[in-house]
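Step one of this worksheet: look at the structure below.
Protein chains: 2
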Amino acid sequence: MRKEKLEELKKYINELKTIEVIKTNENPKFLNIERNYYKLNNGKSVPREKLLKNKTDGSASIILPLTVDNNTVLVVQPRVNTKETVLVELPAGYIEHDEKPISAAIRELTEETGYVPEKLQFIDSYYQDQGCMSAYNYSYIAFGCRKKQAQNLDINEYIRYFECKYEEALELVELGYIKDINSKYTLEKSRQYVKSKL
Amino acid sequence: MRKEKLEELKKYINELKTIEVIKTNENPKFLNIERNYYKLNNGKSVPREKLLKNKTDGSASIILPLTVDNNTVLVVQPRVNTKETVLVELPAGYIEHDEKPISAAIRELTEETGYVPEKLQFIDSYYQDQGCMSAYNYSYIAFGCRKKQAQNLDINEYIRYFECKYEEALELVELGYIKDINSKYTLEKSRQYVKSKL
């Protein structure tokens, strides 16, 4: 990992750290829970609960971007529920109602980083948390990415993007900067596709 | 995949399918949501929500069992929120309050399957869903497993276990029977450890 790149990353992480938690008794607005009973083919009935995110099932697209210079682009954002309070990840985001996973991938990559891809390669799909969600996620590699526009973030969304070598992104996994399963699995599964291109 | 093993698996899947959903307005008992504000180092305050599972952060241990005969052991259980309503997975379960991840791994493997391991090998750890949870999961390989006791399941828990060759478990990923990210990532990352033992 180049020293100046690691310094740049640490600057973003520091900027987005949580310095204070203000506890509230406010009702949730984004997350929502349903509880139902399910009759099984073995004759038993079981109660189970389901988490909804923003009234959707919470499915997401995850994107490994590769630029025309064979760099990748990571995002740094507040993850207030984690010990670190800030994580480095692959760009990703929720699939909107009636949106195709590949369209969500292109939209989220562009919104979070301003990079626009030439072509997407599907890597894999999987349940995120099958015990309490229907969320089914999709991983892609975005080839031929170019920085074409500014970020387009939601209110209360603070994201820094970070361009580095693909091998440096793999190093950031080993160094413990990238530690969510969506990013780790996508990086792991994409190795075979990326190696042949570099 | 041996034909008779696939037939055995299909029998378990059929037995645990959801045949009817009985909708309720009951309050959730297992899942719980908190909403707070977080002051960031950049001067901004953001609202964020956090999902709790059974009053814990929802961290889990995931286990790839290898028997003394170099087979593996999978579990089949109702996953009522998925399209399939039943999934095939690696044994896994929530880490209890004050429990070590490796102890949870041994306990859950034994409860779900009745197999007892000789030795556990840590594979990796990762955030499950960092946007709305603190859940941090741990993956292990359990070497030298032997069927020593009966299953010990919770009320409303219906799990079938299924012994097959390690290579057949990898095939079940390709065939679309295993499709949750915890099982897929653990199987993927464990290849290097398992290959040298088989």
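Those protein sequence lines, which keep their order, are chains A and B.
All residue numbers for the first sequence refer to the numbering used here, where the first residue is 5 and numbers rise by one.
All residue numbers for the second sequence refer to the numbering used here, where the first residue is 5 and numbers rise by one.
We put the CB at the ideal spot given by N, CA and C, even for glycine.
Determine the chain A residues that contact Lys183 of chain B at a beta-carbon separation under 9 Å, and present them in chain order. Neighbours of Lys183 of chain B on chain A, chain order: Ser129, Tyr130, Tyr131, Gln134, Tyr140.
Go to Pro95 of chain A, then tell me how far its beta strand (DSSP E) extends in each direction, as first and last residue. Segment: none, Pro95 of chain A is in no beta strand (DSSP E) and carries neither H nor E.
Tell me whether Leu157 of chain A is buried or exposed, calling it buried when 16 or more other Cβ atoms sit within 10 Å of its Cβ. So Leu157 of chain A ends up on the exposed side.
Distance check for Glu192 of chain B and Lys199 of chain B, CA to CA, integer angstroms please. In a straight line, the C-alpha of Lys199 of chain B is about 12 Å away from that of Glu192 of chain B.
Ser187 of chain B in three-state terms, based on DSSP: Three-state result, Ser187 of chain B: helix.
Answer with yes or no whether the minimum CB distance from Val25 of chain A to chain B is below 8 Å. Cβ-Cβ to chain B under 8 Å: yes for Val25 of chain A.
Could you name the residues of chain B that Thr86 of chain A contacts, counting a contact when the two beta carbons are closer than 7 Å? Simply Tyr131, Gln134, Ser138.
Any residues in the region 35-50 of chain A with a beta carbon nearer than 9 Å to a beta carbon of chain B? Which ones, in chain order? Flagged, chain order: Leu35, Asn36, Ile37, Glu38, Arg39, Asn40, Tyr41, Tyr42, Lys43, Leu44, Asn45, Asn46, Lys48, Ser49, Val50.
For Val92 of chain B, which of B:Ser49, B:Leu113, B:Gly180 has the nearest alpha-carbon? Nearest C-alpha to Val92 of chain B: B:Gly180.
Report yes if the CB atom of Ala109 of chain A is closer than 8 Å to the CB atom of Tyr144 of chain A, and no otherwise. With respect to the 8 Å criterion, Ala109 of chain A and Tyr144 of chain A are classified as neighbours on the basis of their beta carbons.
Local conformation of Pro82 of chain A per DSSP, three classes: Strand at Pro82 of chain A.
Would you decide whether Asp61 of chain B is buried or exposed? Buried here means 16 or more other CB atoms lie within 10 Å of its CB. Classification of Asp61 of chain B: buried, given that the 10 Å Cβ count is 16 or more.
Against chain B: residues of the region 154-177 of chain A by CB proximity under 7 Å: Listed by position along the chain: Asn160, Tyr162.
Residue from A:Ile185, A:Tyr16, A:Arg39, A:Glu8 with nearest C-alpha to Val79 of chain A: The shortest Cα separation from Val79 of chain A among A:Ile185, A:Tyr16, A:Arg39, A:Glu8 belongs to A:Tyr16.
Start and end of the beta strand (DSSP E) containing Asn36 of chain B? Start and end: 35-44.
Using the beta-carbon of each residue, which ones in chain A are nearer than 9 Å to Thr76 of chain B? Correct list: empty, because the minimum Cβ distance to chain A is about 19 Å.
Any C-beta of chain B within less than 9 Å: which residues of the region 51-62 of chain A qualify? Those would be Pro51, Arg52, Glu53, Lys54, Leu55, Lys57, Asp61, Gly62, in chain order.
Does DSSP put Ile23 of chain A in a helix, a strand or coil? If DSSP states are grouped into helix, strand and coil, Ile23 of chain A belongs with the strands.
Taking 8 Å as the cut-off, decide whether the C-beta atoms of Tyr119 of chain A and Lys151 of chain A are in contact. Yes, the pair counts as a contact, with Cβ atoms nearer than the cut-off.
Since Thr89 of chain B and Lys21 of chain B should fall inside the 8 Å C-beta cutoff, what is the C-beta to C-beta distance between them, to a whole number of angstroms? Indeed they touch by this definition, with Cβ atoms about 5 Å apart.
Decide if Asp133 of chain B is buried, meaning its Cβ has at least 16 other Cβ atoms within 10 Å, or exposed. Buried is the call here.
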